[in-house]
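**Q**
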Amino acid sequence: MASRSDSTFSPASRTMLERLVAFPTVSRDGNLELIDYVRSYLQGFGIASELTFDDERRKANLFATIGPEDRGGICLSGHTDVVPVDGQDWSVPPFAVTEREGRLHGRGACDMKGFLAAVLGLVPEFLEQNLRIPIHLALSYDEEVGCLGVRRLLARLAEREVKPAACIVGEPTGMTPVTGHKGKLSMRCHVHGLECHSAIAPTGVNAVEYAAELIVRLRRMAAARRTGGPFDLAYDPPYTTIHTGVVQGGTALNIVPRDCRFDFEFRYLPADDPGRLLAEVTDFAARELLPQMRAVSPDAGFRFEEIAAFPGLAMTDDDPVTRQVMELTGAERTGRVSFGTEAGLFQAAGIPTIVCGPGQIAQAHKPDEFIEIDQLARCEGFLRRLADRIAG
Ligand SMILES: [Zn+2]
Numbered sequence: 002m003a004s005r006s007d008s009t010f011s012p013a014s015r016t017m018l019e020r021l022v023a024f025p026t027v028s029r030d031g032n033l034e035l036i037d038y039v040r041s042y043l044q045g046f047g048i049a050s051e052l053t054f055d056d057e058r059r060k061a062n063l064f065a066t067i068g069p070e071d072r073g074g075i076c077l078s079g080h081t082d083v084v085p086v087d088g089q090d091w092s093v094p095p096f097a098v099t100e101r102e103g104r105l106h107g108r109g110a111c112d113m114k115g116f117l118a119a120v121l122g123l124v125p126e127f128l129e130q131n132l133r134i135p136i137h138l139a140l141s142y143d144e145e146v147g148c149l150g151v152r153r154l155l156a157r158l159a160e161r162e163v164k165p166a167a168c169i170v171g172e173p174t175g176m177t178p179v180t181g182h183k184g185k186l187s188m189r190c191h192v193h194g195l196e197c198h199s200a201i202a203p204t205g206v207n208a209v210e211y212a213a214e215l216i217v218r219l220r221r222m223a224a225a226r227r228t229g230g231p232f233d234l235a236y237d238p239p240y241t242t243i244h245t246g247v248v249q250g251g252t253a254l255n256i257v258p259r260d261c262r263f264d265f266e267f268r269y270l271p272a273d274d275p276g277r278l279l280a281e282v283t284d285f286a287a288r289e290l291l292p293q294m295r296a297v298s299p300d301a302g303f304r305f306e307e308i309a310a311f312p313g314l315a316m317t318d319d320d321p322v323t324r325q326v327m328e329l330t331g332a333e334r335t336g337r338v339s340f341g342t343e344a345g346l347f348q349a350a351g352i353p354t355i356v357c358g359p360g361q362i363a364q365a366h367k368p369d370e371f372i373e374i375d376q377l378a379r380c381e382g383f384l385r386r387l388a389d390r391i392a393g
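Using the working numbering, the first residue of the sequence shown is number 2, and each one after it goes up by one.
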């Protein structure tokens, strides 16, 4: 089946990686130059791209189809944005590719321009194949800040008569097919109390203290899941985790604080229901805390605001796309990961999706981020076998 060895990474893909890394597509700064570059690259092969923009038109997703347009096909998907390098101690220029001992260093080399470079570098080879079913390319923006961009791309796909029959998201998994990841719900809670001189504290409503009660409640919920489950041993940690990460409140010790806000998150197993988890918190606030607060001040209360959310991914091992990716990678097992990806959103949009890409997540988001050339070569081998399989 494998007509070529997996041991080399083609010069075309290598050049493509150098081009992609050179665009400093930090999420906050936009990605249009990179998208323009990819669009004209594809145009050079006669492949049209459809772009979907953010509200300010500073960022875009790109969707393109190679092969017949009238049937499902397989989508190869990745995000174009990268995390910042601010405050990180890099020993190589972050927005260039530097080779050292079989590794290519650069921001995004691993997460996840390496995968995109392999896909784009192989476009001429895909075109030489007489593809029976199409290969779609989906490049997104703002993945690193809550999987925001891809939602617009998926909304556009939903309007089409034909959408991809399956999708592979090339986030770094060491080329292991990953069938599941946790979902995430991030929330901000605003606590509104009543300020007064701290010498007469009982006549006020202490927003910091009511926030603390709610934070302790979240901590108890986390402990209950740690000891009582539900569990899925394929994950590490094998249960839903809950944590509070930021608290802000109060102005001076001699003032009973009027306002406090805190941010918390649920990273839940696909089997868990984020709505029910959140209801546990809001019900406790409404039932146990609010009456005490309102007894002092009718204006006191809580406001909950969603910061970010993406669904988990839960594919089965006997799904056709899982089996196909296992065969083409030669993997004997599938894996689950604790980091989030766009794959859950693809699955929620009715497109069966697997996460499988070169590199390891441990190398992402760090100074001197790198990808092993060997991983890129394995990824190319996988993509060539995929194209061989779906060729006429
Ligand atoms: Zn990523």
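For glycine and all other residues, C-beta sits at the position ideal for the given N, C-alpha and C.
Going by DSSP, what residue range makes up the alpha helix (DSSP H) through Tyr42?
**A** The residue labelled residue 42 in the question sits at position 41 within the sequence shown. Here the alpha helix (DSSP H) through Tyr42 covers Leu33 to Gln44.
**Q** Closer than 6 Å by C-beta to Ile362: which residues in its own chain qualify, once you throw out the five before and the five after it? Chain order, please.
**A** By 1-based counting over the sequence shown, the position of residue 362 is 361. Pro173 and Phe340.
**Q** I'd like to know whether the C-beta atoms of Arg108 and Val86 end up nearer to each other than 8 Å.
**A** Translated into the one-based positions of the sequence shown, residue 108 becomes position 107. Translated into the one-based positions of the sequence shown, residue 86 becomes position 85. Yes; because the gap between Cβ atoms is below 8 Å, this pair is in contact.
**Q** In chain order, what residues of the same chain lie with their CB nearer than 7 Å to the CB of Gly122, ignoring the 5 residues before and after it?
**A** On the sequence shown, residue 122 is found 121 positions in, with the first residue counted as 1. Same-chain partners within the cutoff: Ser11, Ala13, Ser14 and Met17.
**Q** Assuming Tyr211 is part of the alpha helix (DSSP H), what are its boundary residues?
**A** As a working note, residue 211 is residue 210 in the sequence shown. Here the alpha helix (DSSP H) through Tyr211 covers Ala208 to Gly229.
**Q** Using the C-alpha atoms, what's the distance from Phe263 back to Gly79?
**A** Here residue 79 refers to the residue found at position 78 of the sequence shown. Here residue 263 refers to the residue found at position 262 of the sequence shown. Distance between the alpha carbons of Gly79 and Phe263 is about 32 Å.
**Q** Counting only the same chain and skipping the five closest in sequence on each side, list residues whose C-beta sits under 7 Å from that of Pro368.
**A** Locating residue 368 in the sequence shown gives position 367, counting from the first residue. For Pro368, where only same-chain residues beyond five positions count, the Cβ hits under 7 Å are Gln89, Asp90 and Trp91.
**Q** Report yes if the C-beta of Asp112 is less than 7 Å from at least one heavy atom of ligand 2; otherwise report no.
**A** Ligand 2 is not part of this structure, which contains only ligand 1.
**Q** Confirm, please, whether the CB-CB distance from Ile355 to Gly115 is below 8 Å.
**A** Your numbering for residue 115 matches position 114 in the sequence shown. Your numbering for residue 355 matches position 354 in the sequence shown. For Gly115 and Ile355, no; Cβs fall outside 8 Å.
**Q** Could you check which residue in Asn32, Ile352 and Ile391 has the C-alpha nearest to that of Val170?
**A** Within the sequence shown, the letter at position 169 stands for residue 170. Here the closest residue by C-alpha is Ile352.
**Q** Once DSSP output is grouped into helix, strand and coil, what is the label at Ile352?
**A** Numbered from 1 along the sequence shown, position 351 holds the residue referred to as residue 352. In the structure shown, Ile352 sits in coil (DSSP, three-state: anything other than H, G, I, E or B).
**Q** What does a CB cutoff of less than 7 Å around Arg20 pick up in its chain, not counting 5 residues either side in sequence?
**A** Translated into positions along the sequence shown, residue 20 becomes position 19. Hits under 7 Å: Tyr38.
**Q** Along the chain, where does the beta strand (DSSP E) containing Arg48 start, and where does it finish?
**A** Numbered from its first residue, the sequence shown carries residue 48 at position 47. For the record, residue 48 in the displayed sequence is Ile; it is not Arg. Segment: none, Ile48 is in no beta strand (DSSP E) and carries neither H nor E.
**Q** Can you give me the start and stop residues for the beta strand (DSSP E) that Glu373 sits inside?
**A** On the sequence shown, position 372 is the one that residue 373 refers to. Segment Phe371 to Glu373, the beta strand (DSSP E) holding Glu373.
**Q** Judging by CA-CA distance, which residue of Glu144, Thr177 and Leu52 is the nearest neighbour of Arg334?
**A** Numbered from its first residue, the sequence shown carries residue 334 at position 333. Cα-wise, what sits closest to Arg334 is Thr177.
**Q** Flag this pair as touching only if the segment 319-331 and the segment 301-308 have three or more C-beta atom pairs under 8 Å; answer yes or no.
**A** The segment 319-331, when compared against the segment 301-308, does not touch it at the 8 Å Cβ threshold.
**Q** Name the two residues that bound the continuous beta strand (DSSP E) containing Asp56.
**A** Against the sequence shown, residue 56 aligns to sequence position 55. Counting along the chain, Asp56 falls outside any beta strand (DSSP E), and DSSP gives it neither H nor E.
**Q** Within the continuous alpha helix (DSSP H) that includes Leu158, where are the two ends?
**A** Mapped onto the sequence shown, residue 158 falls at position 157. It spans Gly150 to Ala159 - the alpha helix (DSSP H) in which Leu158 sits, taken as one unbroken run.
**Q** Taking the alpha-carbon of Glu145 as reference, which of Ala388, Gly302, Gln364 and Glu343 has the nearest alpha-carbon?
**A** As a working mapping, residue 145 is identified with position 144 in the sequence shown. Of Ala388, Gly302, Gln364 and Glu343, the residue nearest in Cα terms is Glu343.
**Q** Count the CB pairs spanning the segment 94-110 and the segment 178-187 that are closer than 8 Å, and state whether there are at least three.
**A** no
**Q** Which one of Cys168, Asp112 and Thr204 has the shortest CA to CA distance from Gln348?
**A** Taking the sequence shown and counting its residues from 1, the one referred to as residue 348 is at position 347. For Gln348, the nearest C-alpha among the options comes from Cys168.
**Q** Sorted by chain position, which residues of the same chain lie with C-beta nearer than 6 Å to Val257's C-beta, five sequence neighbours on each side aside?
**A** As a first step, residue 257 is located in the sequence shown; it is residue number 256 there, counting from the start. Excluding residues within five positions, the ones whose Cβ falls inside 6 Å are Glu196, Cys197, Ser199, Ala202, Gly205 and Asn207.
**Q** Can you tell me which of Met222, Leu278, Pro312 and Asp260 puts its alpha carbon nearest to the alpha carbon of Ala301?
**A** Working through the sequence shown from its first residue, we reach residue 301 at position 300. Ala301 has its Cα closest to that of Asp260, out of Met222, Leu278, Pro312 and Asp260.
**Q** Rounded to a whole number of angstroms, what is the C-alpha to C-alpha distance between Glu370 and Thr26?
**A** Your numbering for residue 370 matches position 369 in the sequence shown. Your numbering for residue 26 matches position 25 in the sequence shown. Taking the straight line from one Cα to the other gives about 15 Å.
**Q** If you drop the 5 nearest sequence neighbours on each side, which residues of the same chain put their C-beta closer than 6 Å to that of Ser28?
**A** Position 27 of the sequence shown, counting from 1, holds the residue named residue 28. Correct list, in chain order: Asp82, Asp143, Glu145 and Val146.
**Q** Identify which residue in Cys190, Ala212, Lys183 and Thr252 has its Cα closest to the Cα of Pro239.
**A** Numbered from its first residue, the sequence shown carries residue 239 at position 238. Nearest of Cys190, Ala212, Lys183 and Thr252 to Pro239, Cα basis: Lys183.
**Q** Could you spell out where the alpha helix (DSSP H) holding Phe285 opens and where it closes?
**A** Within the sequence shown, residue 285 is the residue found at index 284, counting from 1. Its alpha helix (DSSP H) spans residues Pro275 to Phe285.
**Q** Taking only three categories from DSSP, how would you classify Cys111?
**A** Your numbering for residue 111 matches position 110 in the sequence shown. Three-state DSSP puts Cys111 in a helix.
**Q** Give me the DSSP bridge partner(s) of Ala65.
**A** Reading the sequence shown from its first residue, position 64 is the one you call residue 65. DSSP output for Ala65 lists Ser50 and Leu138 as bridge partner(s).
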